[in-house]
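Asks: Per my numbering, the sequence shown runs over residues 2 to 86.
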Amino acid sequence: MDAKEVEKCIDEFGTDIYRFCLKLCMNKTEAEDLYQQTFLKALEGIWSLDWEKNPKALLFSLAHNLWKSDRRKQARRNSIAPCST
2 MDAKEVEKCI DEFGTDIYRF CLKLCMNKTE AEDLYQQTFL KALEGIWSLD WEKNPKALLF
62 SLAHNLWKSD RRKQARRNSI APCST
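Next up, the structure:
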């Protein structure tokens, strides 16, 4: 996926992807970070899939997988050094 394709996807699907990120994170700041990571990964071409078929579904999957990965990292950090309040 090149820069122009990412820009087109942001224009077409950006609002839907952001809402999805917000629903997953339930926090505006984290949702904005996830949204940005999603499009950065798409731009990096991390997925060598056919973007012509269903780019919206690929972006949703990418956002969901990034979110799950982040949750796993947080769980590992908390199990190693739990926060004490």
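For glycine and all other residues, C-beta sits at the position ideal for the given N, C-alpha and C.
Note that the structure is predicted; figures quoted are calculated from it, not measured.
On the three-state DSSP scale, how would you describe residue 9?
Replies: Looking up residue 9 in the sequence shown gives position 8. Three-state result, residue 9: helix.
Asks: Assign residue 55 to one of three DSSP states: helix, strand, or coil.
Replies: What you label residue 55 is simply residue 54 of the sequence shown in a count that begins at 1. Residue 55: coil per DSSP, three-state reduction.
Asks: Pair every Cβ in the stretch 74-81 with every Cβ in the stretch 32-39, then say whether three or more of these pairs are closer than 8 angstroms.
Replies: Segments in contact, no.
Asks: Less than 6 angstroms between C-beta atoms, sequence neighbours within five positions excluded: which residues of the same chain meet that for residue 57?
Replies: Taking the sequence shown and counting its residues from 1, the one referred to as residue 57 is at position 56. Around residue 57: 14.
Asks: Could you give the DSSP three-state label for residue 46: helix, strand or coil?
Replies: The residue given as residue 46 occupies position 45 in the sequence shown. DSSP places residue 46 in coil when its eight states are reduced to three.
Asks: Classify residue 28 as helix, strand or coil using the three-state DSSP reduction.
Replies: Position 27 of the sequence shown, counted from the start, is the residue given in the question as residue 28. Note: residue 28 maps to coil in three-state DSSP.
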